[in-house]
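Have a look at the structure below before the remarks.
In the numbering used here, the protein residues as written are -11 to 682.
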């Protein structure tokens, strides 16, 4: 149970003075639903409002905070687009405040005649006269010291102003409790870090740009806390899994040899090594807890099926979990092909199964007839019981949390776990992301795969793309067309996809299909089937096809507004083509203006197809400010960690966790109890719950 001292921090932001339901919803979109989420929303810049001159000495172009008396309101004629002007003065001269499209009653209320007001904004000269257009801040004279200061600048969303979010954060800082220190005293002294509560306050009150640096004392301290909480939770999960001994199976090779012999291609060297890793785990007394990491199209599914062969031969069941229904059905088809010529029974069970079908499939799972069970998260719902589950395989691990992994392996006794992911993670971050797992990597593509011709072009050349698509269709091509990603706006994503679908359909007729996240599963499956069987040959999509979709006949992918995507997601999307015998192409279409970072991302995509190189480059250019990249990379979305700047903290935390758990495995000492609080602060409650279980 979470310590009561933290309860206030996990309250909704509506509990803060000045934050109503509407503003709270906007804050939730960029930070999260509770007060602590808002505290993790750190400033990315500062504005210096300490320059406070007399009007006669004010310098053009500078941000200034001036104290003025309101002299006169001048409203422009209603039928002309002239600005509303407010004449004001101090003892040295006069200046004008200028507003366009503002309501007169509002301005008269904010700037009453004869009253003194503090105004802050950028000074400019127009026709030789000093003015401020749309002042940033307006306040009474008693607010002068608050306004005439160095103020933080926060990332915003439409409808949210700096004033409003600063008000919320100021109120939130008053809720931060002083907690007993969970860090080692010597570490704090060596790094000169402030306490946890002081670090939060300093991070939100930068005095200069150095305070915004990821390596400032306050930001390093907060980043380390988040890394430590994550690695401690991972270590506790690992400890719990290791504690439950595995069930060694006999090293049987008959089924493996048969399947291997029937493959129409030769395994790569790293595929063979990965299969050996899995077989070695299955025949040991320890539970397997292994990650199979391979680039898009590297042949992970074949490795998993060859790997599970000894388990089936030992009379145990294997469960295969996919993140979506489309992927579950795709795995079902592919695995059936690999198992052709054997009498192994495969059951597929998803949310689409209702009534009698559902009953039959649950029975097949419980009586053991389903030797390999493929499905979505419905597999580990209550009411689904395996007769003898020996191994669980989870595809695309970053879609499933640690909680789900644990609940899945609870479906049997001593279940061995294999997790597959196509998300390349830089070596320096393996510990952070997969610290609780052994890792096998597939580093080569299957023989015969041709490189994908990747080109970058401006949206101005879209007509050329349409013409090229027309020629490609005549030559039997099959095309994915990916529509713009607009962060936090599924509605706009969908509108863009529908519009592009209509344009392409008008040009290419009924050979164009549309798939998006709002469609129900059965419609998605029908649409994918139409594309796979060439009823349609162009598939317009939002990013729902990003992970795992395997259509070997698809040979062209067009990604619109490619500048909006992170490197990891661009790489995943490109991986939807290049799986067949035809030469494949990827067109990255960007809109202007384009940022330097976006241009770098597109150039990297053009130069390399190695997912591990791309992951390292992604880490180099992303930094903590690019949430887009973090969300799409499969990395934990650590709000306080800059992966490129905080590498040193990863190794410090690794050593710290090892020392703590060696001397205090159940976290019962004074520091151990404080570390339990740290786990709650960063919502790693699972770690504490595992301690209670043990």
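We treat Cβ as the ideally placed atom computed from N, Cα and C, and that holds for glycine.
A quick note: this is a predicted structure, and the numbers were derived from the prediction, not measured.
Counterpart residues of residue i in DSSP-defined beta bridges
i, result
"residue 52", "109"
"residue 278", "406, 426"
"residue 212", "Answer is none; residue 212 lacks a bridge partner."
"residue 469", "528, 546"
"residue 162", "Beta-bridge pairing links residue 162 to no other residue."
"residue 438", "DSSP, once it has assigned bridges, lists no residue as partnering residue 438."
"residue 501", "527"
CB contact flag (residue i, residue j, <8 Å)
i, j, result
"residue 194", "residue 31", "yes"
"residue 280", "residue 428", "yes"
"residue 467", "residue 460", "yes"
"residue 667", "residue 220", "yes"
"residue 319", "residue 362", "yes"
"residue 6", "residue 155", "yes"
"residue 48", "residue 112", "yes"
"residue 572", "residue 543", "yes"
"residue 266", "residue 278", "yes"
"residue 353", "residue 332", "no"
"residue 687", "residue 545", "Outside the displayed span of the chain (-11 to 682) sits residue 687, for which this structure offers no information."
"residue 555", "residue 592", "yes"
"residue 447", "residue 579", "yes"
Euclidean distance between Cα positions of residue i and residue j
i, j, result
"residue 215", "residue 22", "21 Å"
"residue 489", "residue -3", "46 Å"
"residue 119", "residue 53", "12 Å"
"residue 631", "residue 607", "7 Å"
"residue 243", "residue 347", "30 Å"
"residue 507", "residue 207", "42 Å"
"residue 226", "residue 425", "8 Å"
"residue 344", "residue 417", "47 Å"
"residue 15", "residue 325", "49 Å"
"residue -7", "residue 628", "22 Å"
"residue 171", "residue 25", "22 Å"
"residue 108", "residue 115", "21 Å"
"residue 492", "residue 284", "28 Å"
For residue i, the three-state DSSP class (helix, strand or coil)
i, result
"residue 8", "coil"
"residue 170", "coil"
"residue 615", "Any answer about residue 615 is weak, because its pLDDT of 34 lies below 50 and its placement is not dependable; what the coordinates show is given next. Three-state DSSP puts residue 615 in a helix."
"residue 98", "helix"
"residue 156", "helix"
"residue 530", "coil"
"residue 181", "coil"
"residue 620", "The predicted model places residue 620 with a pLDDT of 47, which falls under 50 and marks its position as unreliable, so this point remains unresolved."
"residue 42", "coil"
"residue 557", "helix"
"residue 495", "helix"
"residue 605", "helix"
"residue 207", "helix"
"residue 59", "strand"
"residue 151", "helix"
"residue 508", "coil"
"residue 360", "strand"
"residue -1", "coil"
"residue 632", "coil"
"residue 411", "coil"
"residue 30", "coil"
Residues of its chain near residue i, where Cβ-Cβ distance is below 6 Å and the 5 sequence neighbours each way are ignored
i, result
"residue 515", "501, 503"
"residue 539", "520"
"residue 288", "280, 282, 408"
"residue 476", "Since pLDDT at residue 476 reaches only 45, below the 50 mark, its modelled position is unreliable, and no value is offered."
"residue 188", "27, 164"
"residue 444", "576, 590, 594"
"residue 414", "603, 604, 607"
"residue 62", "73"
"residue 574", "440, 442, 545, 562"
"residue 438", "571"
Proximal residues to residue i (C-beta, below 7 Å), its chain only, five neighbours per side dropped
i, result
"residue 356", "305, 375, 376"
"residue -1", "22, 23"
"residue 262", "280, 291, 428, 430"
"residue 58", "74, 76, 99, 100, 101, 102, 103, 105"
"residue 44", "80, 81"
"residue 198", "204"
"residue 124", "108, 109"
"residue 349", "335, 337, 341"
Cβ-heavy atom distance, residue i to the ligand MN, below 7 Å
i, result
"residue 244", "Judged by which ligands are present, the structure shown has none, so any question about the ligand MN falls away."
Residues near residue i by beta carbon distance below 8 Å, same chain, minus five either side
i, result
"residue 322", "289, 538"
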